[in-house]
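Have a look at the structure below, then the notes.
Protein chains in written order, with my numbering: chain H, 1213 to 1901; chain R, 1213 to 1901.
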């Protein structure tokens, strides 16, 4: 027997030599393989399970056997013997399976590190674009076992805990340097209040949750491995909350509710107006959102526990998970536009709505849950992502975090469309942003027969360019031209406008042509219109047309969006973006070819136009699960350049030009085949590239 | 004219050469003379006034004249012309008096820096022992003038303020390095809530209060130079509060109230018992002290404003001080024994009273005022000094801070006597501490005819050793043996016991001698006693004796105190301390010779025994006025060695031996002349030195 032995770690294949007597966990760490542990290597938490593989491994030229490691310790025996089902279900036997903190090397071994023991390697897949997220939460848990105080060492409870914690932190995290010393750690005041009782009730054996390596925010009796957090996207219309396991990154529940502030105003400007006109307006809108967040938190906990309960019979008794209480949620990350951000934090949003449109704060905010009345742990942290400008809020920060334009060589154009559209353009070298009001038309509101995307709504429209007859698809029906129509939803309005332009029912200025040989184009009550569905095809007994007014609304919206995009491209000296990312629900429903056809988005290869769904919610979840991402987005947003469109002297001019379909100075080569009749507009020379 | 000029600064006499064009404030700083400024050198705050002295100064070989500095600027002219009374009262004229931030050097000058302009050099004299305190408060104020936002630069309010503040901090504080960068400064959440309104109301000209160089806790419109803080000593019986000007260190009001917790128990043990027996006990006692603190704060503000008002006619209109509001108080520093400390912080004190006697926390606590319900600024900080042990609390930390044994070569013995006595012994090398219950006798309580130090109380007693007749002095009377006695206060009890021992009325074991030729020694209702005042000399119509029981009480108290002191001396291998410091009201009233005579304090040169009054209150005030002192006491208390007497195996034995007058094995050479009859006690050999 020599003093150095070979160790091979599977499945990574890492190998190296290590001193006799070294624990397998330490040896693995030295070879760059992290094995979990939260009990300070006391052999009690069972997070560091490994398997000693037996046999001759020719590839590595070693004989691995159980005798090449130290014998099973009493702690290991106790741990495994109290979990017979674990061994049975996995087909393991004691001696083969070991706790790597207890098991020391005495000869050559090949060690298998099962998935569940691998540290710091969890991956979360995003619903939309499957981007992996490394789980590095702000909350870390440590099991701390202390010697009870006695007359010889009557050191205070906090100092006793902090000293034990210091030991535990450095052991669990592999003796990293620069860990806080115990008198640099602090404890949240409300957490301190119950500390003495908890430590005694727990017989000096507690799980400590440390926030951001610097503040103790929860102390629980005994061993608890999971901690919980919630990511929230506060939209003007909908609030979506994701309850996550901060250890695994798993989403335990996703809940959403209407934003209760809607009763005070449908869009942000009318809510700001409400706070200006009512003395307690800010307070009222703030309370409304806090109440809804508490409701969503309770719902999410209920859902998560229901799932745990439903799966409970999958677990053996010794393995059964503990149910979640709302106070076990230790952190929330929230995003929303600047108005939602201000109302969440009970900050008066007045100056967001008045020139020169200034938020109270850009940088991210950390505040205790109890300060806001959120019913998670009172010591829990509420992190709100940074705002970029008055109309480019924390939701855009979250979209940037999710889509990472700051890490790409390609120039991305991010567009988050709602009543207001936020646009970010750029790559790792430079990012510029702006925002523009697009009005409610793109969401199907304020359109004559507009309605939500619900059964009965026309969602797709196609017009035959010869006969000018339409086909349409109704939500809830399997085939085109089936069922009774009730109205038109957002995506169909874009379809319809694009189709009447493509079929030359309207000219490039959006004006209806009056000498067409079809009854569908007619002068209706409110001006010229094109009838998509005759009264007898509807459930409302009236013709459903798309009117001149509707076309104008879409023209204004698309002009605003297009001019904003153009302005950013111009600032970056770009002709067109390499990729276009459409965030938000809107992007997921529209037909991107049609959107390009009417000039809603700049010309780009269609395959490089992506709809990524709720990227703001994803960004919030990324920031919740990985604290390093918070510093990243703080730094990125500090450098994003803001452009306020109204201050651009060319804006009005450009905007007017951009109302035509699609803007005539643009090549739009990717949709050229759809509009062979397109001619250069004589006004195009005025459009500055 | 050369490029370098001579500058002489009076009254310090600092001199040096400086480049032409340098402002006098900068030049002074380079020579180590700090001149105040809070307006970022904008010439608006007037804190940096200096005088240019004219004439030939042979000593320095220079001709100083007004022409040797840059002409008076418009800002200076505006500042001084709006303050004619200032100039008149001081006899200054513009040109002679200058703002040193505006006035630049063009030739040799001799500059006089008046007292009020000198930075960082304020001195506070302590009431008791005149120890100077350098004023370096945690709160610093900065005047920040900002450019209003516009459409081109719509940066958020907080970032605008923080950037202005960064500039202001570095200018005001002389370009120091390592100042926080704006995104490392934070703003208290509650302060952020009103920020936008304040900045606009103030037309972008605000005074910012920064706590500990890292957190903005107050933003006020316009210029405010003063900030306020309160230092509090929470005694079991009395709460004393000092309202201070944090800029000057001045005490603006000193208020005190009975501790309202007295109704729940007279001493700390009975209050702890109350919290054990009543579920809401801790909460109740906590609320009681918070209410009283709020009352004291309101009283102190009222007193301070009354004084300001009374002196208002001393000020000219342009100089009149602004009145103080309770929300202008930005910080409090509190001290108290460990039980008072716990109840202040709403921490359950149970384990302070049960073996092994463990506090919840040793280290100092910083918590927002709003968390405790204290009615100073909600963003204000509450700093509670560290505790050392269960019975050596934050009050002892404060006494250490005031008396600084850790900075002395001499060994100090600090004794803070109440119902419990805390003792600290040592010097810069090592400090040890302990505590001992002394019972209420030393404070005059539980003594047969004991009473508070109020008119009618006997305060001094002398007994003629021949005739055994007493003389006594009554509070409120000018001469001895005048007036009608009502009872005996604490100091007189020690006097009386010392005198009956010195006059050999009792033996060294404290037993009354029964064969004395005086009617004053007699067997009374509750045993043997010595009558100090006959019934006809009193206002209560009864004889006022000192009883065997009273003597026993004093014996027990002094034995406890003496044994504690002896134990510490033994641990430090010392025969006797170099100095004895008696802290607390008790120390101020007793006759130190008599105290030594009965062995209450160890033998020491009488001139090295000091009574320092409320040293705990002084320590709290020092920590309030100088933030560096907080780190100092945190560090010192971490190193103080604690000894719990009951764990010392010799304690009971020593304690019994020490009940005799004075302990017979002790030399007590400094009082030997008073007791020529003293003989060595045969038991002395058992007393371990």
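Glycine is no exception: its CB is placed at the ideal position from the N, C-alpha and C atoms.
Please classify residue 1679 of chain R as buried or exposed, where buried requires at least 16 other C-beta atoms within 10 Å of its C-beta. Here residue 1679 of chain R is taken as the residue at index 467 of the second chain, counted from 1. Counting Cβ neighbours within 10 Å, residue 1679 of chain R comes out exposed, since fewer than 16 surround it.
Under a CB-based cut-off of 9 Å, is residue 1370 of chain H close to chain R? As a first step, residue 1370 of chain H must be located in the first chain, where it is residue number 158. Output row for residue 1370 of chain H: interface = yes.
In chain R, what lies closer than 7 Å to residue 1405 of chain H by C-beta? Position 193 of the first chain, counted from the start, is the residue given in the question as residue 1405 of chain H. Simply 1558, 1559.
Could you name the residues of the segment 1352 to 1380 of chain R whose beta carbon sits closer than 9 Å to any beta carbon of chain H, in the order they occur along the chain? 1360, 1361, 1362, 1363, 1364, 1365, 1366, 1367, 1368, 1369, 1370, 1371, 1372, 1374
Beta bridge counterpart(s) of residue 1757 of chain H as assigned by DSSP: Reading the first chain from its first residue, position 545 is the one you call residue 1757 of chain H. For residue 1757 of chain H, which the question treats as bridged, DSSP gives the partners H:1743.
So what's residue 1578 of chain R in DSSP terms, helix, strand or just coil? Stepping through the second chain from its first residue, residue 1578 of chain R is reached at position 366. DSSP places residue 1578 of chain R in strand when its eight states are reduced to three.
Within the 9 Å Cβ cut-off, does residue 1339 of chain R reach chain H? Within the second chain, numbered from 1, the residue matching residue 1339 of chain R stands at position 127. Because residue 1339 of chain R sits at a pLDDT of 45, beneath the cut-off of 50, its placement in the model cannot be relied upon, and the following sentence gives the value as read from the coordinates. Not closer than 9 Å to any Cβ of chain H, the Cβ of residue 1339 of chain R fails to qualify, so no.
Can you give me the C-alpha to C-alpha distance between residue 1706 of chain R and residue 1460 of chain R, rounded to a whole angstrom? Here residue 1706 of chain R is taken as the residue at index 494 of the second chain, counted from 1. Here residue 1460 of chain R is taken as the residue at index 248 of the second chain, counted from 1. So the alpha carbons of these two residues sit roughly 41 Å apart.
Using Cβ-Cβ distances below 8 Å, what residues of the segment 1581 to 1610 of chain R are close to chain H? 1583, 1599, 1601, 1602
Check whether the Cβ atoms of residue 1596 of chain R and residue 1556 of chain R lie closer than 9 Å to each other. Start at 1 with the first residue of the second chain, and residue 1596 of chain R comes out as number 384. Start at 1 with the first residue of the second chain, and residue 1556 of chain R comes out as number 344. It is a contact, given that the beta carbons lie within the stated cut-off.
Quick one: is residue 1205 of chain R buried, meaning 16 or more other Cβ sit within 10 Å of its Cβ, or exposed? Residue 1205 of chain R is absent from the model: chain R starts at 1213 and stops at 1901.
Residues in the same chain with beta-carbon distance under 6 Å from residue 1468 of chain H, minus the five sequence neighbours each way, listed in chain order, please. Here residue 1468 of chain H corresponds to residue number 256 of the first chain, with the count starting at 1. Once the five neighbours on either side are set aside, the close Cβ partners of residue 1468 of chain H are 1450, 1452.
Scan the segment 1280 to 1318 of chain R and note each continuous beta strand (DSSP E) run of 3 residues or more that stays entirely inside, going in chain order. 1309 to 1311
Is the segment 1749 to 1762 of chain H touching the segment 1791 to 1798 of chain H in the sense that three or more CB pairs, one from each, lie closer than 8 Å? no
Pairwise C-alpha distance: residue 1565 of chain R and residue 1335 of chain H: Numbered from 1 along the first chain, position 123 holds the residue referred to as residue 1335 of chain H. Numbered from 1 along the second chain, position 353 holds the residue referred to as residue 1565 of chain R. Here residue 1335 of chain H scores only 39 on pLDDT, less than 50, and its place in the model should not be relied on; the value that follows carries that caveat. Going from the Cα of residue 1335 of chain H to the Cα of residue 1565 of chain R covers about 50 Å.
Residue 1898 of chain H - DSSP class collapsed to helix/strand/coil: Stepping through the first chain from its first residue, residue 1898 of chain H is reached at position 686. Because residue 1898 of chain H sits at a pLDDT of 46, beneath the cut-off of 50, its placement in the model cannot be relied upon, and the point is left open.
Assigned exposure category for residue 1550 of chain R - 16 Cβ within 10 Å defines buried: Start at 1 with the first residue of the second chain, and residue 1550 of chain R comes out as number 338. By the 10 Å Cβ count, residue 1550 of chain R comes out buried.
Which value, in whole angstroms, describes the spacing of the CA atoms of residue 1681 of chain H and residue 1447 of chain H? Numbered from its first residue, the first chain carries residue 1681 of chain H at position 469. Numbered from its first residue, the first chain carries residue 1447 of chain H at position 235. Residue 1681 of chain H and residue 1447 of chain H: Cα-Cα distance of roughly 38 Å.
Leaving aside the five residues before and after residue 1547 of chain R along the sequence, list all residues of the same chain whose C-beta is less than 6 Å from its C-beta, in chain order. Locating residue 1547 of chain R in the second chain gives position 335, where the first residue counts as 1. The answer, listed in chain order, is 1445, 1597, 1606, 1607, 1610, 1828, 1832.
Residues of chain R with a CB under 9 Å from the CB of residue 1568 of chain H: which are they? The residue you call residue 1568 of chain H lines up with position 356 of the first chain. Those within 9 Å of residue 1568 of chain H in chain R are 1360, 1361, 1362, 1363, 1364, 1365, 1366.
Can you tell me which of the three DSSP states residue 1216 of chain H falls into? Start at 1 with the first residue of the first chain, and residue 1216 of chain H comes out as number 4. Reduced to three states, the DSSP call for residue 1216 of chain H is strand.
Residue 1856 of chain H and residue 1433 of chain R look like a contact to me (Cβ under 8 Å); what is the Cβ gap, rounded to whole Å? Position 644 of the first chain, counting from 1, holds the residue named residue 1856 of chain H. Position 221 of the second chain, counting from 1, holds the residue named residue 1433 of chain R. With 8 Å as the limit, residue 1856 of chain H and residue 1433 of chain R do not qualify as a contact, their Cβ atoms being about 28 Å apart.
Limits of the alpha helix (DSSP H) - the one that residue 1501 of chain R falls within: For the purposes of this step, residue 1501 of chain R is identified with residue 289 of the second chain, where counting begins at 1. Residue 1501 of chain R -> alpha helix (DSSP H) spans 1493 to 1522.
Give the DSSP-derived three-state secondary structure of residue 1726 of chain R in the structure shown. Here residue 1726 of chain R refers to the residue found at position 514 of the second chain. Coil.
So, is the C-beta of residue 1272 of chain H closer than 9 Å to a C-beta in chain R? The sequence position of residue 1272 of chain H within the first chain is 60, counting from 1. Taking Cβ atoms only, chain R never reaches closer than 9 Å to residue 1272 of chain H, which makes this a no.
Does the segment 1780 to 1788 of chain H come into contact with the segment 1684 to 1697 of chain H, if we say contact requires no fewer than three beta-carbon pairs (one atom in each stretch) closer than 8 Å? no
Opening and closing residue of the alpha helix (DSSP H) in which residue 1473 of chain H lies: Translated into the one-based positions of the first chain, residue 1473 of chain H becomes position 261. Premise fails: residue 1473 of chain H is in no alpha helix (DSSP H) and is neither H nor E.
Please name the residue or residues paired with residue 1686 of chain H in a DSSP beta bridge. On the first chain, position 474 is the one that residue 1686 of chain H refers to. Its beta-bridge partners are H:1670.
Whole-angstrom distance between residue 1466 of chain R and residue 1338 of chain R, CA atom to CA atom: Counting from 1 along the second chain, the entry for residue 1338 of chain R is found at position 126. Counting from 1 along the second chain, the entry for residue 1466 of chain R is found at position 254. The predicted position of residue 1338 of chain R is uncertain, since its pLDDT is 36 and thus under 50; a value taken from the coordinates is nonetheless stated next. Near 13 Å, if we compare the C-alpha coordinates of residue 1466 of chain R and residue 1338 of chain R.
Specify the secondary structure class of residue 1595 of chain R as computed by DSSP and reduced to three states. On the second chain, position 383 is the one that residue 1595 of chain R refers to. Residue 1595 of chain R: strand per DSSP, three-state reduction.
Of the residues that make up the segment 1482 to 1494 of chain H, which ones have a beta carbon closer than 8 Å to any beta carbon in chain R? none
Since residue 1257 of chain R and residue 1355 of chain R should fall inside the 8 Å C-beta cutoff, what is the C-beta to C-beta distance between them, to a whole number of angstroms? Residue mapping note: residue 1257 of chain R aligns to position 45 of the second chain, counting from 1. Residue mapping note: residue 1355 of chain R aligns to position 143 of the second chain, counting from 1. Their Cβ separation, rounded to whole angstroms, is 6 Å, which keeps residue 1257 of chain R and residue 1355 of chain R in contact under 8 Å.
Any beta-carbon of chain B closer than 9 Å to the one on residue 1790 of chain R? The chain inventory of the structure shown lacks chain B, comprising the protein chains H and R.
Buried or exposed (CB count within 10 angstroms, at least 16 for buried), residue 1534 of chain R: What you label residue 1534 of chain R is simply residue 322 of the second chain in a count that begins at 1. Looking at its Cβ environment, which holds fewer than 16 other Cβ atoms inside 10 Å, residue 1534 of chain R is exposed.
For residue 1541 of chain H and residue 1454 of chain H, the rounded distance between their alpha carbons: Indexing the first chain from 1 puts residue 1454 of chain H at position 242. Indexing the first chain from 1 puts residue 1541 of chain H at position 329. Roughly 12 Å between the two C-alpha positions.
Comparing the C-beta of residue 1864 of chain R with each C-beta of chain H, is any distance below 9 Å? Residue mapping note: residue 1864 of chain R aligns to position 652 of the second chain, counting from 1. With 9 Å as the cut-off, residue 1864 of chain R does not count as an interface residue toward chain H.
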